[in-house]
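Asker:
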Amino acid sequence: MTGFDVLVETVHEESDGVRSLSLVTPDGRPLPGWDPGAHIDLVLDDGLERQYSLCGSRDDRSHWRVAVLRASESRGGSEWVHDRIRAGDHLRVRGPRNKFPLKSARKYVFIAGGIGITPLLPMIEELHAARPETPWTLVYGGRRRESMAFLSELDRFGDKVEIWPEEERGLIDLDTVLGTPQFGTAIYCCGPEPLIKAVERLSRSWPPGSLHVERFQAPVNPGTDPLRDATFEVVATQSGVTAQIPAGQTIVDVLAGYGIDIPVSCGEGVCGTCETKVLEGIPEHRDAVLTEEQRASGEVITPCCSRSKTPRIVLDV
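Quick note: the sequence shown uses UniProt numbering, first residue 1, plus one each step.
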C-alpha cells in the first residue's frame, strides 16, 4: 500500500497527555470507509510508521479522527505527534485496516484501559446507532480522571458506561465484571498489558472465542530469548529464494536483502500488515495480532517478528 496525503484540519487536547487529530483530504474528497476497530498508519518524517485507531464517526467520511497518548517510553511516534504536528500540516497515511472487528454477538462487555478506549469508542457508537436493542456495557479505567479521554462523549450512554479512575477507585474489579461466564457475550478489551493479561486469565472460563483483544505492543514471551534464537532456513517460493535467518535478524529483514519486499508497518507484530501464508513448517508466533485459531492452524506468520520452530519454513512470497 503506497498510502496518500491528508491534511491536519484541527488538533485538540482531549485530556492530560492525549491529543486528537482531525484529518481530511487536501482536495475535500471523501476518505475511505472503515468499520469499528480499524486503524491507520501515520508515516513519520524518518520513514517509520505508527498505528493509531480511528475513533471518530464511521459515517462521516469527510474526517478521520485519531487520538495519541504521549507515552513516557515513546518509540518516537507519540512525541512526534505531540511536539511537531500542527493544524495545517500534511501527513502521509496508509490504510485503513481492521484486525479488531466488531463481531456479531447477543451481548457485549467492553473493557478499556487508558488510550485503549480509542478502538472501542466507535464500536459502542455503532451498537447505539444501528443495534439499539443489543445490550452492552463499558468499563473504562485510567490512572486519573483528568487523563481519561472522551469522557464527555461517553456521558450520553448513561449507566451503560462505568468510569473507573484508579486514583479514586483502585484497579478495575475484573472479578465482578467477568466473574460469571455468559454464553453469546463477546468481550472486547484494549489497554495496557497488565489489564489485558488479567482479562485473559479471567476469561479462560468463558466459552471459546468470547474474548477479543487489541494490544499496543507484542507481549514478551518469557520462553523466548533473542540471543539464543536458532538459525533456520526460509524458502520464498514465489521468488525462488532460499535464505538462512540467523539470531538477531528477522525474516523480513533478511528477505529484503534479496529484493523481496514484504509489506511491513509496525515491525513488532501488532498490526498484521506483514501476514504471510505458510506452506510448510511450523511458525513460532511472537506477534500480538493473530487469533488463537490462526496460531493453532500454523497457516500464517508475521515475519516481522516471528520465527520458525522447524529447521525449515516455506512461505508464499
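The beta carbon of each residue, even a glycine, is placed where N, CA and C say it ideally should be.
Since the model is a prediction, treat every value here as computed from it, not as a measurement.
(1) With distance defined between alpha-carbon atoms, name the residue in Gly191, Ala230, Pro181 and Val213 nearest to Trp206.
(2) Evaluate the contact criterion for the region 35 to 43 versus the region 89 to 101: three or more CB pairs, one atom per stretch, below 8 angstroms.
(3) Rounded to whole angstroms, how far is the Cβ of Leu211 from the Cβ of Cys189, which I believe are closer than 8 angstroms?
(4) Just to confirm my understanding: we take Phe100, look at its own chain, exclude 5 residues before and 5 after, and list those with CB closer than 6 angstroms. What are they?
(5) Compute the distance between the beta-carbons of Gly116 and Gly179, then report whether it is under 7 angstroms.
(6) How many Å lie between Gly240 and Thr250 at the Cα?
(7) For Ile301, which residues of its own chain have a beta-carbon under 6 angstroms away from its beta-carbon, when the five flanking residues on both sides are left out?
(8) Judging by CA-CA distance, which residue of Pro208, Ser265 and Cys55 is the nearest neighbour of Arg19?
(9) Using the C-alpha atoms, what's the distance from Pro303 back to Glu193?
(10) Any beta carbon of chain B sitting closer than 7 angstroms to that of Ile124?
(11) Assuming Trp164 contacts Val139 (C-beta within less than 8 angstroms), just tell me the rounded distance between them.
(12) Can you give me the start and stop residues for the beta strand (DSSP E) that Glu9 sits inside?
(13) Quickly, what does DSSP pair Ser308 with across the bridge? List them, please.
(14) Spatial neighbours of Val252 within its chain, please: CB distance less than 7 angstroms, with the 5 preceding and 5 following residues excluded, ordered by chain position.
(15) Please report the straight-line C-alpha distance between Pro208 and Ser297, rounded to a whole angstrom.
(16) Any idea what DSSP makes of Phe157, helix, strand or coil?
(17) Tell me which residues share the same chain as Pro311 and place their Cβ nearer than 6 angstroms to its Cβ, disregarding the 5 neighbours each side in the sequence.
(18) Please state whether the Cβ-Cβ distance between Pro132 and Arg58 is less than 7 angstroms.
(19) In the DSSP assignment, find the beta strand (DSSP E) that holds Ser104 and state where it starts and stops.
(20) What's the C-alpha gap between Ala87 and Asp45?
(21) Write down the C-beta distance between Val8 and Leu91 rounded to the nearest angstrom, noting that I regard them as a contact closer than 8 angstroms.
(22) Can you find the residues in the same chain that come closer than 6 angstroms, C-beta to C-beta, to Glu280, ignoring five residues on each side of it along the sequence?
(23) Nearest to Arg61 by CA position, among Val270, Asp35, Glu146 and Thr134, is which residue?
(24) Let me know the secondary structure DSSP gives Gly77 once reduced to three states.
(25) Would you say Ile260 and Val317 are within 7 angstroms of each other, going by their C-beta atoms?
(26) Exposed or buried, Gln238, counting other C-beta atoms within 10 Å across all chains shown (16 or more means buried)?
(27) Taking 6 angstroms as the limit between beta carbons, can you name the residues of its chain near Thr134, skipping five residues before and five after?
Answerer: On the basis of the supplied data:
(1) Pro181
(2) yes
(3) 7 angstroms
(4) Gly37, Pro119 and Glu214
(5) no
(6) 19 angstroms
(7) Thr276, Val278 and Pro283
(8) Cys55
(9) 22 angstroms
(10) This model lacks chain B altogether, as it is built from one protein chain only.
(11) 6 angstroms
(12) Phe4 to Ser15
(13) Pro283
(14) Ile262, Val264, Cys274, Pro303 and Cys304
(15) 16 angstroms
(16) helix
(17) Phe232
(18) no
(19) Element bounds for Ser104: n/a, residue is neither H nor E.
(20) 17 angstroms
(21) 6 angstroms
(22) Val314
(23) Asp35
(24) helix
(25) yes
(26) exposed
(27) Leu127
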